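Chains as they are written, first to last, in my numbering: chain E, 18 to 228; chain Z, 491 to 743. Backbone N, C-alpha and C define an ideal beta-carbon position, used for all residues, glycine too. Model, not experiment: these values are computed from the prediction.
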């Protein structure tokens, strides 16, 4: 029988919860972007609920991980698992916040059409997050490394959106509030992309066992 | 002084206790570093540490092959002066074992054995050794009292001081803190960090955290073999061998 059964169970529990938190982060992004694109206020309301679940999971994982570090002194790959978990939860929690902020703006937007470039950005960012989660779950180094390149595309689209909306504000100053809110949404999406890249970098360290 | 090991095998009768240690590239124990030996009970750590001062010679039917070189000399050659070897390679054991005599006489024992008779010289060695072992301030006013009256932690530092009095170059420590409380353990660990500036230290420990705290390099033993030998940081953060990983993370016991 393997030694330290209780310790192994606790460690596994943390890692299982982290995967659950990853799934919630994917969900919240998908729902938040869908609510934004369709102006679906009910869906936007649901985003807030998921965000609370994510926050709770963050606290739960953090507490259990710190307790394990203090009480069980994990080393080698176990140490990396915990250390990476403690960092990934921060990214996931921030993703939850940004998705919630998008939902909040959704409730305030007028009926003006959503620029295609923001929709496109939403699709790419959701993909990035899914790839980041997949790279973590499958320990896929190649996939984790690809995230950085995809992020360059997201940044480029963000620049285009900025220019488009700046031009729109100049042309139609009375709609500037709406345009600024759209810029905010684009910025939140861009940040979610950054967090996906962070997760990829942490996966890389986890696989390589680097401190 | 460093220790170099090449293809070392050790047998207790038919039992093959150490198997080809340093078999390919050899194994080097570096000067002025702390090297920790870890591994499950019965894996050969203590047997191996005793190879360095030929303590295993005292065991019947013990046969050793290979090359153990200290300071350029194969210590298993017939010409080896074992008394000189054991003077150079001191040892501290798991359980503090002061001689039933005064603190002073415990420390002066080795220098007297090596022929030092002058009082002033002995006084100087006793004080220096006790200071090096971080015990002087606690015992300087009762040097003539029995060493058996000291606490466990003090007794162990006395044993370290007694080892230092012989002016060794290498100190072997076989689980030196396993019988001590955390405070005494901390004191001895501080002492080991200090001593490595002057001595080469090899320590057998079952306490993984101790290995991470004080050693520069760690060797993981399993069933008489060295499975992995690397920087301690590497062994505990990213071991190369799955068996090392399983042991340090406690996956097998």
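TODO: Reducing DSSP to helix, strand and coil, say where residue 169 (chain E) ends up.
DONE: helix
Task: Minimum Cβ-Cβ distance from residue 113 (chain E) to chain Z less than 7 Å - done: no
Task: beta strand (DSSP E) segment containing residue 692 (chain Z), residue limits - done: 690 to 694
Open item on the list: On the DSSP letters alone, give me the boundaries of the alpha helix (DSSP H) that residue 734 (chain Z) sits inside.
Closed with: 732 to 738
- [ ] Answer with buried or exposed for residue 639 (chain Z), where buried requires no fewer than 16 other C-beta atoms within 10 angstroms of its C-beta.
- [x] exposed
Task: Members of the region 87 to 105 of chain E that neighbour chain Z once the beta carbon cut-off is set at 8 Å - done: 90, 91, 92, 93, 94, 95, 96 and 97
Task: Rounded C-alpha distance that separates residue 645 (chain Z) from residue 587 (chain Z) - done: 7 Å
- [ ] Report yes if the C-beta distance between residue 141 (chain E) and residue 171 (chain E) is below 7 Å; otherwise report no.
- [x] yes
Task: Spatial distance of residue 581 (chain Z) from residue 534 (chain Z) (CA atoms) - done: 17 Å
Open item on the list: Pull the bridge partners of residue 708 (chain Z) from the DSSP assignment, please.
Closed with: Z:526 and Z:720
- [ ] From the DSSP output, in three-state form, read off residue 553 (chain Z) for me.
- [x] strand
Open item on the list: Spatial neighbours of residue 65 (chain E) within its chain, please: C-beta separation below 7 Å, excluding the five flanking residues on both sides.
Closed with: 117 and 120
Open item on the list: Given this structure, state the Cα-to-Cα distance separating residue 676 (chain Z) from residue 524 (chain Z), to the nearest angstrom.
Closed with: 16 Å
Task: Residue interval of the alpha helix (DSSP H) (run including residue 676 (chain Z)) - done: 672 to 685
Open item on the list: Taking 7 Å as the threshold (beta carbon to beta carbon), is residue 228 (chain E) in contact with chain Z?
Closed with: yes
- [ ] Please name the residue, chosen from Z:716, Z:546 and Z:608, that lies closest to residue 513 (chain Z) on a Cα-to-Cα basis.
- [x] Z:716
TODO: Could you tell me the distance, in whole angstroms, from the CA atom of residue 68 (chain E) to the CA atom of residue 38 (chain E)?
DONE: 10 Å
Open item on the list: Between residue 530 (chain Z) and chain E, is the shortest Cβ-Cβ distance under 7 Å, so that the two count as touching?
Closed with: no
- [ ] Below 8 Å CB to CB, which residues in the same chain sit around residue 168 (chain E) once its five sequence neighbours on both sides are set aside?
- [x] 145, 210, 211, 213 and 214
- [ ] Look up residue 115 (chain E) in the DSSP assignment and say whether it is helix, strand or coil.
- [x] helix
Open item on the list: Please return the same chain residues whose Cβ sits closer than 7 Å to the Cβ of residue 149 (chain E), not counting the five positions on each side in sequence.
Closed with: 164, 213, 216 and 217
Open item on the list: My output table needs one value for residue 97 (chain E): the three-state DSSP class, helix, strand or coil.
Closed with: helix
Open item on the list: Run through the DSSP bridge pairs and tell me what residue 519 (chain Z) is partnered with.
Closed with: Z:493
Task: Under the three-state DSSP convention, the category residue 570 (chain Z) falls into - done: coil
TODO: Decide if residue 48 (chain E) is buried, meaning its Cβ has at least 16 other Cβ atoms within 10 Å, or exposed.
DONE: buried
- [ ] Check the C-beta distance from residue 519 (chain Z) over to residue 492 (chain Z) and give it rounded, since I have them as a contact under 8 Å.
- [x] 6 Å
Task: Simplified DSSP assignment, three categories, for residue 564 (chain Z) - done: strand
Task: At least 3 beta-carbon pairs within less than 8 Å: the region 586 to 605 of chain Z vs the region 623 to 639 of chain Z - done: yes
- [ ] Within its chain, find whatever has a CB closer than 8 Å to the CB of residue 178 (chain E); leave out the 5 residues flanking it on each side and keep chain order.
- [x] 132, 134, 135, 138, 199, 200 and 203
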